[in-house]
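>
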Amino acid sequence: GNPLDQAARDVLLGNDRGGYTIPTARLYPYQWNWDSMFSAWGYASFDMERAWQEVHLLFASQWDTGMVPHIIFHKVDPDYFPGPKVWGATHEPPTSGISQPPVAATLIRKMYEMDPEASLPHIKALYPKLVAWHDWWIRERCKDGPVAIIHPWESGRDNCPDWDLGMEGVPVNEDDPYLRRDTTHVQETERPQKWDYDRYLAILAFGRSVNWDDREMVENGPFLMADPGISFVLLRAFSDLIALGELLGEETAGLQAQESKLRAGLDKMWNAEKGWFDAYDMRTGRFANVLGSGAFLAYFAGVSRPAQDAHFARIWDKVSYGIPSADPDSERFEPRRYWRGPTWPVVNSLIAMGLKDMGRTEAEARLRDETAKLIEKGGFWEYYDPMDGTPCGGASFGWTAAVWLTWCG
Ligand code: DGY
2 GNPLDQAARD VLLGNDRGGY TIPTARLYPY QWNWDSMFSA WGYASFDMER AWQEVHLLFA
62 SQWDTGMVPH IIFHKVDPDY FPGPKVWGAT HEPPTSGISQ PPVAATLIRK MYEMDPEASL
122 PHIKALYPKL VAWHDWWIRE RCKDGPVAII HPWESGRDNC PDWDLGMEGV PVNEDDPYLR
182 RDTTHVQETE RPQKWDYDRY LAILAFGRSV NWDDREMVEN GPFLMADPGI SFVLLRAFSD
242 LIALGELLGE ETAGLQAQES KLRAGLDKMW NAEKGWFDAY DMRTGRFANV LGSGAFLAYF
302 AGVSRPAQDA HFARIWDKVS YGIPSADPDS ERFEPRRYWR GPTWPVVNSL IAMGLKDMGR
362 TEAEARLRDE TAKLIEKGGF WEYYDPMDGT PCGGASFGWT AAVWLTWCG
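Oh and the sequence shown: position 390 is 391 in our numbering, straight run, nothing missing.
What follows is the structure in structure tokens.
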């Protein structure tokens, strides 16, 4: 096989901390929700048992509300800020107080397809937890139809321009000093700015003050924006969860009703003036007027509209490698700054999954090829400059290794 296959397996094994896999050493030394699901999918290509262990450990930290947290702090590590004390969530083991894009049902279904017999007992055990998590999303985050996030970190696309509008309204706490750790591991120019961190921390302070009560966060929290990215991920995940339920002979009418409701809410995010699915501020109803990779996750959910397809073609032709996280024609585009321009193999893999299912095989092949080139040239990095392919962010990155093993390698 390709020598990169073994290198990819070595990345996952090197990031294994005993039952859970960190995204990369130092920068992200804990278990992250969607990173962990991608690691599981990667393990499934060579070690099914290890793959299921990863998933079970993630869901072992599910809250009573059904929420599955975005970080699980198994062992405190001073390399990362903000740690469990700053989050102040009352849970054991300590966790953050927010969630992350629910890719679990979809990737679990992929794992099932890779080995149905070995997977079935695991799916049986996990199914009620998945149902509870999906129910939590609908109950606590979908008041208006689409998924609304209470913190940019919940979207997984932390500092993308989508959130600028909502972040402008977050009051900053000037006399609450803090020390970032991320910029000691990665160049400052590839990370979010102080402007963002001041507001990330202010939202955390509010969450702490209400003990991460979802109703409080949604009704009175400093930030609340509808997110096309998570809405499409959840919509897709519902169809996979329903398929898993049918496999187990479960009654899925309730899930189907929730899926339909979510689908009916998509129109609220349609910015007709711009011709794309757009984030909006739930407090004011104002559109962000920002095109980014969240909108293109529509394909992942099997959704496409001609006006947005045209934008997809336009921005893809502006770059050389993969789908950029922000619009290259926008003045906010920064090709190396985290979610403000770089291309992310993991997002490319989700968009490609959708393109393939929709029969757009040429586009899928192009995206796969461009993503593979990035990894062949640069190795397994967190994200890449979409113009010249320069690797950025963290090295030896788990989910990039995982999508090599499962998709583009
Ligand atoms: C970080 O610390 O940058 C993470 O993305 C938060 O989830």
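Where a beta carbon is used, it is the ideal one built from N, C-alpha and C, also for glycine.
Using a threshold of 7 angstroms, state whether the C-beta atoms of G395 and T22 are closer than that.
Cβ distance not < 7 angstroms, so G395 and T22 don't count as in contact.
> Since S305 is in the alpha helix (DSSP H), which residue starts that stretch and which ends it?
Segment: none, S305 is in no alpha helix (DSSP H) and carries neither H nor E.
> Taking only heavy atoms of ligand 1 into account, decide whether any of them is closer than 6 angstroms to the Cβ of D159.
Checking the Cβ of D159 against ligand 1 gives yes.
> Is it right to say D183 is buried, meaning 16 or more other beta carbons lie within 10 angstroms of its own, or is it exposed?
With 16 or more other Cβ atoms within 10 Å, it is buried.
> Quick check: does the Cβ of W137 come within less than 6 angstroms of any heavy atom belonging to ligand 1?
W137 Cβ: outside cutoff for every heavy atom of ligand 1.
> By Cβ distance, which residues of its chain are closer than 6 angstroms to D136, with the 5 residues on each side in sequence left out?
Hits under 6 angstroms: G67.
> For ligand 1, I want to know if W317 counts as a neighbour, meaning its beta carbon is within less than 6 angstroms of at least one of the ligand's heavy atoms.
Every heavy atom of ligand 1 is 6 angstroms or more from the Cβ of W317, so no.
> Where DSSP assigns a beta bridge to Y384, which residues make up the other side?
DSSP, once it has assigned bridges, lists C393 as partnering Y384.
> Looking at the structure shown, is G266 part of a helix, part of a strand, or coil, going by DSSP?
In this structure, G266 counts as helix in the three-state DSSP scheme.
> Return yes when at least one heavy atom of ligand 1 lies under 6 angstroms from the C-beta of W154, else no.
Yes.
> Would you call the stretch 234-249 in contact with the stretch 102-122, where contact means no fewer than 3 C-beta pairs closer than 8 angstroms?
The stretch 234-249 vs the stretch 102-122: in contact.
> Let me check understanding here. Comparing Cα to Cα, which of W138, G379, V404 lies closest to C393?
Answer by Cα proximity: G379.
> Classify N34: buried if its beta carbon has 16 or more other beta carbons within 10 angstroms, exposed otherwise.
Its Cβ being crowded by 16 or more others within 10 Å, N34 is buried.
> Below 7 angstroms between beta carbons: does that hold for G308 and G276?
The sequence given here places Ala at residue 308; Gly does not occur at that position. Yes, the Cβ-Cβ distance between A308 and G276 is below 7 angstroms.
> What number of angstroms, rounded off, separates the C-alpha of P162 from the C-alpha of R333?
Cα to Cα, the separation comes out at about 7 angstroms.
> One question on the structure: do M49 and A119 come within less than 7 angstroms of each other, judged by their Cβ atoms?
A contact, by the Cβ cut-off of 7 angstroms.
> Based on the DSSP output, what are the partners of M226 in its beta bridges?
The partner list for M226 (beta bridge, DSSP) reads I150, D282.
> Please classify D65: is it buried, with 16 or more other beta-carbons within 10 angstroms of its beta-carbon, or exposed?
When all chains shown are included, D65 counts as exposed.
> What three-state label does DSSP hand T401 in the structure shown?
Three-state result, T401: helix.
> By Cβ distance, which residues of its chain are closer than 6 angstroms to T25, with the 5 residues on each side in sequence left out?
Within the same chain, T25 has close Cβ partners G395, S397, F398.
> Could you give the DSSP three-state label for P85: helix, strand or coil?
Residue state, collapsed to three classes: helix.
> Just to confirm my understanding: we take D358, look at its own chain, exclude 5 residues before and 5 after, and list those with CB closer than 8 angstroms. What are they?
So the list reads G303, once near-sequence residues are dropped.
> Here's the rule: buried if 16 or more other CB atoms are within 10 angstroms of the residue's CB, otherwise exposed. What is F3?
First, the residue type needs correcting, since residue 3 is Asn and not Phe in the sequence shown. Classification for N3: exposed.
> Among P336, A311, M112, which residue has its Cα nearest to the Cα of S321?
S321 has its Cα closest to that of P336, out of P336, A311, M112.
> Three or more beta-carbon pairs under 8 angstroms between the stretch 176-190 and the stretch 219-227, yes or no?
No, because fewer than three Cβ pairs between the stretch 176-190 and the stretch 219-227 fall closer than 8 angstroms, the two stretches do not touch.
> Keeping to the same chain, check which residues put their C-beta closer than 7 angstroms to that of Q54; ignore five residues upstream and five downstream.
G20, listed in sequence order.
> Can you give the Cα-Cα distance for T96 and W213, rounded to whole angstroms?
T96 and W213: Cα-Cα distance of roughly 11 angstroms.
> In angstroms with no decimal places, state the Cα-to-Cα distance between G410 and S294.
Rounded to the nearest angstrom, the two C-alpha atoms are 22 angstroms apart.
> Since A327 and R306 should fall inside the 8 angstroms C-beta cutoff, what is the C-beta to C-beta distance between them, to a whole number of angstroms?
Not a contact, Cβ separation roughly 20 angstroms.
> Taking E175 as the reference, give the member of I150, G167, L202, R192 with the closest Cα.
The option with the nearest alpha carbon to E175 is L202.
> Between M38, R367, W42, which has its C-alpha nearest E114's C-alpha?
Answer by Cα proximity: W42.
> Alpha helix (DSSP H) containing A296: first to last residue?
Run containing A296: 294-297, per the alpha helix (DSSP H) assignment.
> Report the CB separation of P153 from D145 in whole angstroms; it is logged as a contact under 8 angstroms.
Not really, about 18 angstroms apart at Cβ, beyond 8 angstroms.
> In chain order, what residues of the same chain lie with their CB nearer than 7 angstroms to the CB of V173, ignoring the 5 residues before and after it?
Closer than 7 angstroms at Cβ, skipping near neighbours: D199, R200, A203.
> Threshold first: 4 residues or longer. Then list the alpha helix (DSSP H) segments lying entirely within the stretch 90-160, N to C.
Runs found: 105-115, 117-142, 153-156.
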